[in-house]
Amino acid sequence: MGFDTFLLILFFVFIIGGVIVFLRSKPKRKQRTDSLYTEALDALLKGDDRRALLKLRDVVKQDSYHVNAYLQMGNVLRKKAPQQAIKIHQSLTVRPNLSDEMTIDIHQALAQDYRAIDNYRRAKEEAELILKVQRRNLWATEFLLSLEEENSNWAEAAQLAKLSQRIRNTDDKNQLAQYQLYEGLDLIGQKKKSEALSAFQKASKLDTSYGLPHKYIGDIYEEDRDLIKAIASWEKYAMLDIENGQEVYGKIESALFDLGRFSEIEQFYRRLLEKDRSNLSALSKLANVLVEKGHGEEALTLIDNALIMKNTSIHARLMKLKLSLDQKTPNELALQVDDIIDIVTQNSDHGSVE
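All residue numbers in the sequence shown are consecutive under my numbering, ending with 366.
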């Protein structure tokens with residue numbers, strides 16, 4: 013065997029040996045980085061960002077192709093060093109052979125990075141890139157929706173909300189009606205009253221159970237001195253939103269008085285009570301109207317009936333005390349005051365007073 017042949021054999025021995033060593037060492041390195049990455053994720057779950065960051069740095073030192081580790085590292089850094097997070101995440105966009113899922117994760121991270129530094133334009137661009145990869149991506153759609161809400165772009169928010177609802181297979185008319193309402197309020201601020209009225213009317217049609225648009229419709233009609241339409245709109249609001257409807261009780265009374273229709277006030281409050289017998293605000297107003305008409309006994313009967321349903325209501329008991337001032341003896345009034353004090357004491361012990 014010649015010397016050249018010997019060298020050639022020796023060369024192949026070294027090559028084969030190197031391959032064997034490489035193949036044996038690679039799984040160990042893979043096992044090591046996988047273990048470190050798992051420890052990093054565990055630290056993140058426990059809220060230990062410092063330990064997680066150290067583990068992630070160890071991972072990428074040993075495996076510079078570990079895209080997930082870089083991704084998580086940037087997410088951790090976003091809280092205190094968003095610019096650094098952007099650099100890390102941006103560098104991942106040029107990696108070759110990225111799956112669609114990984115591409116989406118990277119743009120999602122970048123969208124959050126840019127939002128963290130209030131760069132809404134770039135945040136929006138990154139979320140839109142996700143939709144180019146996956147047209148019905150729920151996260152990107154709702155991220156864009158939140159951006160439009162923050163910037164009061166209600167028409168755009170409505171379109172994104174519709175897409176989100178289609179993806180979720182839901183039908184939330186109230187959400188769309190609220191955006192229409194907000195658009196109307198912005199138009200009011202811009203002194204565009206007729207456009208605002210149109211927006212409020214659209215909102216009321218989108219969700220017929222939504223009371224608030226009717227309040228603002230009534231306010232516009234009041235401003236135009238069309239009190240008949242104003243009253244009708246306010247009454248719709250009061251009927252649809254029992255809890256907050258009392259905001260317009262005074263407006264309705266004043267408008268009816270201006271129209272010479274003060275006698276209709278009693279019927280308005282009776283209609284409210286037909287819809288909800290527990291409406292103590294309407295009950296109190298009706299009692300006051302009855303007292304003004306000289307029907308004090310009827311007013312007191314109304315309050316007593318309410319106390320049958322809500323015996324511990326401070327509101328109703330105070331109303332009864334007020335109506336009893338001219339009809340009861342001092343001792344009887346004192347007993348009512350004692351009852352109220354007992355209820356207040358009991359309710360305060362339980363953290364609530366009605």
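For glycine and all other residues, C-beta sits at the position ideal for the given N, C-alpha and C.
Check, Outcome
"Length-filtered (4 minimum) alpha helix (DSSP H) runs lying within the region 248-299", "261-270 and 276-287"
"Residue span of the alpha helix (DSSP H) that contains Gly119, given as start and end", "The sequence as given places His at residue 119; Gly does not occur at that position. It spans Asp112 to Ala128 - the alpha helix (DSSP H) in which His119 sits, taken as one unbroken run."
"Helix, strand or coil at Asp316 [DSSP, three-state]", "helix"
"Cβ shell of Asp288 (< 6 Å), same chain only, five flanking positions each side left out", "Ile254"
"Cβ-Cβ separation, Val88 to Ala81 (assumed contact under 8 Å), whole Å", "That belief does not hold up - the Cβ atoms of Ala81 and Val88 are roughly 11 Å apart, past 8 Å."
"Rounded straight-line distance, which links the Cα of Lys248 to that of Ser296", "20 Å"
"Coarse secondary structure for Phe15, derived from DSSP in three states", "Legend: pLDDT at Phe15 = 47, less than 50; position of this residue unreliable, no value from coordinates given."
"Beta-carbon proximity check, Gln192 vs Ala215, cutoff 7 Å", "yes"
"Selected residue, minimal CA-CA separation from Ile200, among Gln177, Ile179 and Glu235", "Glu235"
"At least 3 beta-carbon pairs within less than 8 Å: the region 114-122 vs the region 130-142", "yes"
"Limits of the alpha helix (DSSP H) - the one that Thr153 falls within", "Leu150 to Glu162"
"For Ser103 and Lys92, the rounded distance between their alpha carbons", "19 Å"
"Where Arg134 sits in the DSSP three-state scheme", "helix"
"Rounded distance between the beta-carbons of Ala139 and Leu156, thought under 8 Å", "5 Å"
"Option in Gln95, Glu113 and Ser158 with minimal Cα separation from Ile129", "Gln95"
"Sequence-distant residues of the same chain with beta carbon closer than 7 Å to Asn291, five excluded per side", "Ile254, Leu284 and Leu285"
"Asn87 - DSSP class collapsed to helix/strand/coil", "helix"
"Exposure label - Asp112; buried when at least 16 CB within 10 Å", "exposed"
"Nearest-angstrom beta carbon gap, Leu209 and Ile229 [assumed within contact, 8 Å]", "7 Å"
"Option nearest Gln190 by Cα separation, candidates Gly59, Tyr222 and Leu141", "Tyr222"
"Environment of Arg90 [buried if 16+ CB atoms lie within 10 Å]", "buried"
"Status (buried if at least 16 other CB within 10 Å, exposed otherwise) for Ala173", "buried"
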